[in-house]
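Below: the structure, in structure tokens.
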Amino acid sequence: MTKTAMITGITGQDGGYLAKFLLSKGYHVVGLYRRGATDTFSKLKEHGILDKIEMKDFDLLEFSNICRLIKKYQPDEFYNLAAQSFVAASWSEPIYTAQADGMGVLYILEAIREFSPHTHFYQASTSEMFGKIQEPVQSETTPFYPRSPYGCAKLMAHWLVTNYRESFGLHVSSGILFNHESPMRGKEFVTRKITAHFAEMVTGLTDKVLELGNLNAKRDWGFAGDYVEGMWQMLQQEKSDTYVLATNETHSIREFVEEAGKTAGFEIEWQGEGIHEIGIDKKTEKTIVKVNPEFYRPAEVEVLLGNPAKAEKVLGWRRKVDFAGLARMMVEADIERAHKGTL
Ligand code: NAP
Ligand code: GDP
108 MTKTAMITGI
118 TGQDGGYLAK
128 FLLSKGYHVV
138 GLYRRGATDT
148 FSKLKEHGIL
158 DKIEMKDFDL
168 LEFSNICRLI
178 KKYQPDEFYN
188 LAAQSFVAAS
198 WSEPIYTAQA
208 DGMGVLYILE
218 AIREFSPHTH
228 FYQASTSEMF
238 GKIQEPVQSE
248 TTPFYPRSPY
258 GCAKLMAHWL
268 VTNYRESFGL
278 HVSSGILFNH
288 ESPMRGKEFV
298 TRKITAHFAE
308 MVTGLTDKVL
318 ELGNLNAKRD
328 WGFAGDYVEG
338 MWQMLQQEKS
348 DTYVLATNET
358 HSIREFVEEA
368 GKTAGFEIEW
378 QGEGIHEIGI
388 DKKTEKTIVK
398 VNPEFYRPAE
408 VEVLLGNPAK
418 AEKVLGWRRK
428 VDFAGLARMM
438 VEADIERAHK
448 GTL
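All the letters of the sequence shown, read from the start, carry residue numbers 108 to 450 under our numbering.
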């Protein structure tokens, strides 16, 4: 029998990769999107799957519509990927972020509890919940210390998922995913900002210097395509649970710039410190990167490093793409887009 999966945030980075993966497994995919969105379906078109998905409009804040959708489809699996997902924006829109990323999840849990308790539910939790890290390597048992309204809202949702599992026996899982990127990553996130800018530079679309914030921050970066498989694996288990997905490697923003620079043909040398730091291309001696404190955050998550041992053991999950492969994939895709005029 064909299984039905509902995906919120279908227009985002992970939504496209997950939908493609579930379609390849024969699922009927119902994609939930915001009617007001401007760049609505570009990622799904690039994946070549838009016509294979049943699209329905949805907003995390519209409880009545959430109830109607869940009552009508009673899906086998529900993946909640929708969120105000950009940490920096959560200080300018903290109330909306809390409503969407915290309360929005409660609306879905309530609708599942009431109208479709057999549904297996996935919540997109985040390593941002570890924030000011309480252990050098973070796992499912590491205490949380969020550092942004985004992290706080996601933590509320994570605990609600845990509570609904324990209170009502629902099959609801929380995936604590460390940063995962891809050519489909939004350009506001640092990796894609770097790769898109370098692609513009090498194809002559810009001669502007790339301006970045804190180059010392470190992230555990994986490939989104690997991570969506872990989401699915969580919902195939007999019991729901919490799992960390990560690469167990951490790299600074500076290292990502260097790695992406290699594929773009730059050999970057760093000069100066703090807000005066610049990155120079050794071959041309041009400054290509500089620090702009405008991109600093009110409270920073300095370093994240995840331990995916539980997911590897219980789910059999493995990430396939490494740090260098990820940076290369992103720069190559952006250079190709720049040539085609679709960057
Ligand atoms: P993304 O590309 O920013 O996608 C977010 C999606 O949520 C978009 O489809 C967006 O729709 C939708 N959305 C935002 N507000 C909404 C609302 N009020 N109602 C309905 N839909 C709304 O994020 P992503 O990278 O795919 O991440 C997927 C999920 O994983 C997010 O919940 C994110 O917080 C979480 N997460 C991501 C990472 C990561 O490194 N990527 C790590 C841990 C957790 P529009 O297209 O209309 O804006
Ligand atoms: P996040 O880990 O979900 O906040 O993902 P981002 O890609 O937005 O940010 C990752 C890290 O890069 C954070 O520590 C930021 O402070 C740092 N960073 C440095 N410069 C920039 C920048 O220009 N844009 C963004 N988005 N982040 C930057």
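Positions of the beta carbon are idealized from the N, C-alpha and C atoms, including for glycine.
Quick caveat, the model's predicted, so the values are computed rather than measured.
Beta-carbon proximity list for residue i, same chain, < 6 Å, skipping 5 on both sides
i    : result
Y271 : L216, L277 and V279
A367 : I301, T302, F305, A434 and V438
N286 : R326 and W328
V351 : S246, E247, I283, G413 and P415
R361 : L322
F185 : M113, T226 and F228
Q181 : S223
T313 : E307
E376 : I387 and K389
T109 : H135
P405 : W198
D183 : K110 and T111
R426 : G329, D333 and T354
Beta-carbon proximity list for residue i, same chain, < 8 Å, skipping 5 on both sides
i    : result
G381 : V398
K294 : K300 and A303
P243 : L412
F275 : R220 and P224
V428 : G329, F330, G332, D333 and M436
Beta-carbon proximity list for residue i, same chain, < 7 Å, skipping 5 on both sides
i    : result
F148 : T118 and L157
P256 : S197, W198, P201, T204 and A205
K127 : H154 and I156
T370 : A434, R435, V438 and E439
L168 : Q206, A207 and G211
A418 : G337, Y350, V351, L352 and W424
G372 : V309
F430 : W328, E356, H358 and E366
A260 : T204, A205, D208 and G209
A445 : A306, E307, T310 and L312
Cβ-Cβ separation, residue j to residue i (assumed contact under 8 Å), whole Å
i    : j    : result
I387 : K393 : 7 Å
E253 : E235 : It should be noted that the sequence gives Pro, not Glu, for residue 253. Rounded, the Cβ-Cβ distance is 6 Å, consistent with contact.
M291 : G116 : Contact doesn't hold; Cβ gap of about 12 Å is too wide.
F330 : S289 : 6 Å
V396 : V364 : 6 Å
D164 : Y140 : 6 Å
G143 : M162 : G143 to M162, Cβ: 14 Å. No contact.
V410 : I240 : 7 Å
S281 : S232 : 5 Å
Q230 : V194 : With a Cβ gap of about 18 Å, Q230 and V194 do not count as contacting.
M341 : L422 : 7 Å
L176 : L125 : With a Cβ gap of about 18 Å, L176 and L125 do not count as contacting.
Contact test: residue i Cβ vs the ligand PLP heavy atom, cutoff 7 Å
i    : result
G293 : Looking for the ligand PLP in the displayed structure turns up nothing; the ligands present are the ligand NAP and the ligand GDP.
Which parts of the stretch 278-318 are runs of the beta strand (DSSP E), unbroken and 3 residues or longer, counting only runs that do not cross its ends?
Whole beta strand (DSSP E) segments, 3+ residues: 279-284.
Review point. Which runs of the beta strand (DSSP E) spanning at least 3 residues fall entirely within the stretch 162-190, listed in chain order?
Key: Counting only runs of 3 or more, we get 184-187.
Quiz prompt | Contact between the stretch 242-249 and the stretch 314-326 (3+ Cβ pairs under 8 Å) | solution = The stretch 242-249 is not in contact with the stretch 314-326.
Contact between the stretch 252-264 and the stretch 202-213 is defined here as three or more beta-carbon pairs at a separation below 8 Å; is this criterion met? Contact between the stretch 252-264 and the stretch 202-213 is present, because at least three Cβ pairs lie under 8 Å.
Looking at C-beta atoms only, is the number of pairs between the stretch 398-408 and the stretch 333-346 that lie closer than 8 Å three or more? With a cut-off of 8 Å, the stretch 333-346 and the stretch 398-408 do not count as touching, because too few Cβ pairs lie within range.
- prompt: Which ranges does the beta strand (DSSP E) cover as unbroken runs of at least 3 residues, wholly within the stretch 200-260, from first to last along the chain?
  reply: For the stretch 200-260, whole beta strand (DSSP E) runs of length 3 or above, ordered along the chain, are 227-233.
### Query
Can you list the alpha helix (DSSP H) stretches of 4 or more residues lying completely in the stretch 331-368, in chain order?
Whole alpha helix (DSSP H) segments, 4+ residues: 331-342.
Which complete beta strand (DSSP E) runs does the stretch 384-418 hold, if anything under 3 residues is left out? Taking only runs of at least 3 residues, the beta strand (DSSP E) segments lying wholly in the stretch 384-418 are 385-388 and 394-398.
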